[in-house]
Amino acid sequence: MNLDQNIYSKESVKARMLQNATKVWGLKSPQSLDPFVKLLIDAFSTEVFKANNEIQTVNARILEKLAKLLTPSIYTHPIPAHAVAFTQPYDSTEVLLEHTEFFFRKQMTSTVKSESDKQLNIPFTPVGNVRINKIHTSVMFVGNTCYSIDDRFNKIPISRFNGRPEDYRKVTVGIDVSKYVSEYFPKYMSIFCSNPAFEHLDFVYKLLPYINVSSNGNPLFVREGLSYLSESAPDGYEQMFKEQSIRSKVIEDIKSIYRHKFIEITGLSSSLFSEPGQLPQNLDFLAGKEEIVKYLDNKRYLWLTFEFPPQFSAEILDNFSFVLNAFPIYNRGWKKTEYSLDIMGNNIPLVTDEGEHFLYVDEVQDGDGRKYTEIPFTPADDLKKGLYTVRKGGMERFTSRNAVDMIANVLELTRDEIAAFSLLNRDNVKGVLSEMSDKMKSMVQKVNNAKRNIRQELNYVIMEPVEKTDHTYASFWITHCTLANHMRPGTELSNQLKSQTVVLLTETLGGAEEQKGTDSIQAYKYALTTRDKIISLEDVKNYCRMILKDELREVRVRRGTMISNKPKEGFVRTVEVEIVPQNYSFYGRAYWENMANITRNQIIAKAIDGIEYLVKVTNEDVEFQDM
């Protein structure tokens, strides 16, 4: 029921109380009331006004609490930052495991004079197990220029030549295989295609699966995406729960963001390797170029010739980079906690440090090495043995007070009521009271320290041990959310165990903290109305509002048609999404173009087939200021 808030203002309440008092006492005017009565009415009206404000605050908190409880956790959970990186193996071929951590040391400047600056180790791991080979792109022929490619994938012109007219849509890449000494060469190879100058064009990455690839005239097969080495999948209902878990959802979202920038070439073998210093067949006419021959001398190459569709101009092809051993990474770090199941019950707190946010549980074991499995949505009082579940902040009671607040309240009560002990025999109780007082002082200090150190709501593992056990071990993953954003391409991340480094190819982005307040209400609205499937135009709007939050000023969605960029396709139906941000110039054009691509890919992953989605970000800052 919507009530006019003006009737609860202090003046309105006071006026009504004065009128009622005048009627009850049979007076003609409120001015005839006794000044003391007016003073009382003024005080009562202030209290009613305060009570109304408290009711409105409670209503908002109840709504927020309900939205938090009813919204699937994937929509309100912290989101890790992500990017694409590459590395070089020590052996001819290696498998980079998904739990391999690479760190970047970030300096946190202190805003308090008495505190020194802090350094944070921000960890990243691959999104899956990937195979990397000791090969790299070394030379590239585009149009009428030959480029050498250094370790950081900078293109340096070596020589210019008169290109043939039939090669105007072709790019020839030389992959240096001189250091690959293994007898077996993989049948497939993934390549990360980067074109930051033209990635705002819709077809640049969409048409990559339609290029023709050959090696010295031998045709090869091309498909979109990056292959990950598969893990053993659980059976039955466990697999169903795993697919819907936060871990799987986060990884699948990141994979879908970068999938269109990778192509996989199959049909490779060591028989395609050239002799040392030999040019490919389609570039034999360059054998007289001394600079090129000198650069290729004593190196064996796997030559790949890419023939692009007609939409690609010479300028677009010249800005392409092709990177091997590249893979998506995301910000997560592994932590382990050991705990003793004693009087504190079967709860294991998962403690995070400053700047860290709990992501998900990795593994729970007891002292005998038995592993426990998670069954989501299990009531705590119906927990079977050998299982665990995760709870958040105050064990998810319907009160905002946590254990620290409860202990502080008990200490306060004990201090107030300590005089009651004087009724007992003074001599017998004096020593006990003195000891209690000392213990209380110590406990007060510990409570104050705990309040100062707890920076966010803790997560807990509730487990039911198979047998009586003293020690338990819980490992979990954390993320730094927004602290890991905006790390520039070329940044090195190092592994602490091995002297191995990965180098960023794209800027890290996407990190976001847990949604609260109005953001959680928006997430609940999206989850309730769409069930994570985008069908109507309103679903698109709700999704954009949930993703962009306060950065969004307006979103406009309309239907249309366009001529498809794909070969052998005519007109296709489209949904055009126009996003107007609050402050376009604050982040800049490159950021918003990248955000438009990411938003489009995520909408496509959740939308129905047969419709082309076009997302663009419009700068209306100047127009808005002129109005």
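Residue numbering for the sequence shown follows this note's numbering, starting at 450 and increasing by one per position.
Beta carbons: idealized from backbone N, C-alpha and C, even for Gly.
In whole angstroms, what is the alpha-carbon distance linking residue i and residue j?
i: glycine 1059; j: aspartate 802; result: 47 Å
i: serine 849; j: histidine 548; result: Residue confidence is low: serine 849 scores 47 on pLDDT, short of 50, so the model does not pin down where it sits. Its coordinate-derived value is still stated next. If you take the alpha carbons of serine 849 and histidine 548, they lie about 36 Å apart.
i: aspartate 733; j: leucine 766; result: 21 Å
i: proline 777; j: threonine 940; result: 15 Å
i: leucine 753; j: leucine 953; result: 25 Å
i: valine 1064; j: glutamate 1025; result: 6 Å
i: glutamate 713; j: valine 533; result: 16 Å
i: glutamine 814; j: proline 759; result: 58 Å
i: serine 541; j: tyrosine 637; result: 15 Å
i: proline 1030; j: glutamate 1000; result: 6 Å
i: phenylalanine 647; j: methionine 1044; result: 15 Å
i: valine 579; j: aspartate 600; result: 20 Å
i: serine 478; j: valine 497; result: 23 Å
i: isoleucine 1053; j: tyrosine 707; result: 13 Å
i: phenylalanine 553; j: proline 725; result: 39 Å
i: phenylalanine 634; j: histidine 585; result: 14 Å
i: lysine 704; j: glutamate 680; result: 16 Å
i: leucine 675; j: phenylalanine 711; result: 6 Å
i: methionine 844; j: arginine 980; result: Unreliable placement is indicated for methionine 844, whose pLDDT of 45 sits below 50; no coordinate value is reported for it.
i: leucine 745; j: alanine 933; result: 40 Å
i: alanine 500; j: asparagine 508; result: 12 Å
i: asparagine 644; j: serine 718; result: 28 Å
i: serine 631; j: lysine 691; result: 37 Å
i: glutamate 906; j: cysteine 595; result: 57 Å
i: glutamate 564; j: asparagine 570; result: 19 Å
i: methionine 1076; j: asparagine 1068; result: Unreliable placement is indicated for methionine 1076, whose pLDDT of 42 sits below 50; no coordinate value is reported for it.
i: histidine 929; j: tryptophan 783; result: 12 Å
i: serine 461; j: asparagine 502; result: 14 Å
i: valine 1066; j: threonine 1023; result: 17 Å
i: arginine 994; j: glutamate 1003; result: 9 Å
Answer with buried or exposed for residue i, where buried requires no fewer than 16 other C-beta atoms within 10 angstroms of its C-beta.
i: glutamate 1061; result: buried
i: tryptophan 926; result: buried
i: threonine 921; result: buried
i: asparagine 1032; result: exposed
i: phenylalanine 573; result: buried
i: valine 989; result: buried
i: proline 575; result: buried
i: glutamate 805; result: buried
i: serine 770; result: buried
i: tryptophan 1110; result: A query on residue 1110 cannot be resolved here, the shown segment of the chain reaching from 450 to 1076 and no further.
i: phenylalanine 1020; result: exposed
i: glycine 1009; result: exposed
i: isoleucine 456; result: exposed
i: isoleucine 1047; result: buried
i: glycine 737; result: exposed
i: isoleucine 1012; result: exposed
i: leucine 545; result: buried
i: methionine 936; result: buried
Residue i and residue j: beta carbons closer than 8 Å?
i: serine 723; j: arginine 749; result: yes
i: glutamate 543; j: asparagine 944; result: no
i: isoleucine 431; j: phenylalanine 755; result: Any property of residue 431 remains undetermined from this structure, which presents the chain solely from 450 to 1076.
i: asparagine 1088; j: phenylalanine 535; result: No statement about residue 1088 is possible, as the shown extent of the chain runs from 450 to 1076 and does not include it.
i: threonine 918; j: glycine 960; result: no
i: valine 772; j: isoleucine 970; result: no
i: methionine 589; j: lysine 604; result: yes
i: serine 627; j: glutamate 740; result: no
i: tyrosine 779; j: arginine 840; result: no
i: asparagine 582; j: tyrosine 629; result: yes
i: tyrosine 973; j: leucine 519; result: yes
i: proline 915; j: glycine 835; result: Sequence check: residue 915 is valine here, not proline. Yes, they are a contact pair.
i: phenylalanine 757; j: arginine 618; result: yes
i: histidine 649; j: glutamate 1027; result: no
i: threonine 715; j: leucine 669; result: yes
i: isoleucine 598; j: leucine 751; result: no
i: leucine 482; j: leucine 476; result: yes
i: leucine 656; j: asparagine 1014; result: yes
Which whole-angstrom value is the C-beta distance of residue i and residue j, which I expect to be below 8 Å?
i: isoleucine 700; j: tyrosine 809; result: In fact, because the Cβ distance is near 11 Å, the residues do not count as touching under 8 Å.
i: proline 606; j: glutamate 963; result: About 49 Å separates the two Cβ atoms, so there is no contact after all.
i: valine 800; j: threonine 786; result: 6 Å
i: asparagine 667; j: leucine 735; result: Incorrect: roughly 20 Å between the Cβ atoms, too far for contact.
i: alanine 976; j: tyrosine 524; result: 6 Å
i: tyrosine 677; j: glycine 577; result: 3 Å
Using a threshold of 7 Å, is the CB atom of residue i nearer than that to any non-hydrogen atom of the ligand SAH?
i: isoleucine 984; result: The ligand SAH is not part of this structure, which contains no ligands at all.
Inspect the CB distances between the stretch 459-467 and the stretch 484-498 and report whether three or more fall short of 8 Å.
yes
With three or more beta-carbon pairs closer than 8 Å as the criterion, would you say the stretch 954-961 touches the stretch 983-995?
With the cut-off at 8 Å, the stretch 954-961 and the stretch 983-995 do not touch.
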